[in-house]
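Asks:
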Amino acid sequence: PWALSLTDVSVTYPNGTQALKNVTVHIEPGEIVSIVGLSGSGKSTLIRTINGLVPVTSGTVTAGGHDVTRARGRALRELRGHVGMIFQGFNLADRVSVLDNVLVGRFAHTPTIRTVLGLNRAADRELALRALDSVGMLEKVWTRAGALSGGQKQRVAIARALSQEPSVMLADEPVASLDPPTAHAVMNDLARTSSERGLTVLINIHLMDLARQYTQRMIGLRDGELVYDGSAAEATDAD
Ligand code: ADP
Ligand code: ADP
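For what it's worth, the UniProt record's numbering labels the leading residue of the sequence shown as 23, then goes sequentially.
1) Closer than 7 angstroms: is that where the CB of residue 175 sits relative to any heavy atom of ligand 1?
2) Any heavy atom of ligand 1 closer than 7 angstroms to the beta-carbon of residue 41?
3) Ligand 1 and residue 59: does any heavy atom of the ligand fall closer than 7 angstroms to the residue's C-beta?
4) For the candidate residues 230, 236, 208, whose alpha-carbon lies nearest to that of residue 108?
5) Taking 7 angstroms as the cut-off, is the C-beta of residue 250 nearer than that to any heavy atom in ligand 1?
6) Quick check on residue 195: buried or exposed, where buried means 16 or more other Cβ atoms within 10 Å of its Cβ?
7) Quick one: does the C-beta of residue 158 sit closer than 7 angstroms to a heavy atom of ligand 1?
8) For the putative contact between residue 225 and residue 237, defined by C-beta atoms under 8 angstroms, what is the C-beta separation to the nearest angstrom?
9) Could you give the C-beta distance for residue 106 and residue 159, rounded to a whole number, given that I count them as a contact under 8 angstroms?
10) Residue 89: buried (16+ other C-beta within 10 angstroms of its C-beta) or exposed?
11) Starting from residue 226, trace the beta strand (DSSP E) in both directions and tell me its first and last residue.
12) Considering only residues of the same chain and omitting the five flanking positions on each side of residue 210, which have a CB-CB separation below 6 angstroms?
13) Please name the residue in 70, 87, 172 whose C-alpha comes closest to that of residue 23.
14) Determine the burial state of residue 53: buried for a count of at least 16 other Cβ atoms within 10 Å of its Cβ, exposed for fewer.
15) Please state whether the Cβ-Cβ distance between residue 234 and residue 254 is less than 8 angstroms.
16) Are the stretch 167–177 and the stretch 69–86 touching by the rule of at least three beta carbon pairs closer than 8 angstroms?
17) Please give me, in chain order, every unbroken run of the alpha helix (DSSP H) with length at least 4 that falls completely inside the stretch 68–138.
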């Protein structure tokens, strides 16, 4: 797993919005960290600086010792191949099978002619199936993704990210659209995966209770500034 490091990072969008202001955070390999804060506080921007989806205005971001802020082209694609990403909206292709969705995710960052044509090797299928098994979705491999419930879709999205064998996992509001029991189950999956694989995991979440319960460390943002960095269990709403 990778260490992650943001040093004095500021992000100003082209329209002038200052989304992050001089944020410094160091995350050790294997840590599971929640990022909390009100809507618009910069959580999503922070997570996107780590895979280079949002360029930083100043400061440095490193992932596994690689300087993300200066990576371009092929180097950036290779970095992204190590970063598993889970979104709120699942990003699944509804009309194709669960297995195909997971297989496609594995090569999203480094497509080859073989993978675009769907000529997956047995080893790729095995990784995909193992990942689906680890989130309890093995019996749904042939189901169209569109026929799944929200919680099942999010589990497939986790499996897709896991089958990539990432060095770090970024989850942007992974439970925002789920009912409470399902949200608990998905957070539990993420926490278990992190501890079993020793995977570094960063989760944006606006629900403090879930953050306290399923992550060790919490980072609090307010208007783009870091206002809390410490134990998740001991964080209060006022922080
Ligand atoms: P959060 O994830 O905590 O809701 P965001 O990182 O999405 O916060 O947004 C932080 C601030 O940056 C907000 O004011 C938001 O409106 C603004 N913002 C986000 N994305 C963009 C963008 N692409 N262009 C301009 N402003 C943006
Ligand atoms: P249909 O439901 O009519 O059989 P298709 O399966 O041909 O539709 O494709 C539906 C959509 O899914 C298309 O937009 C196609 O580009 C996309 N698609 C097809 N195969 C895959 C795949 N393996 N992974 C992701 N998207 C796919």
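A virtual CB, placed ideally from N, CA and C, is assigned to each residue, including glycine.
Replies: Taking the definition as stated:
1) no
2) yes
3) yes
4) Here the closest residue by C-alpha is 208.
5) no
6) buried
7) no
8) 6 angstroms
9) Contact flag wrong, Cβ pair sits at about 16 angstroms.
10) exposed
11) 222–226
12) none
13) 87
14) By the 16-neighbour rule on beta-carbons within 10 angstroms, residue 53 is buried.
15) yes
16) no
17) Correct list: 95–103, 120–128, 135–138.
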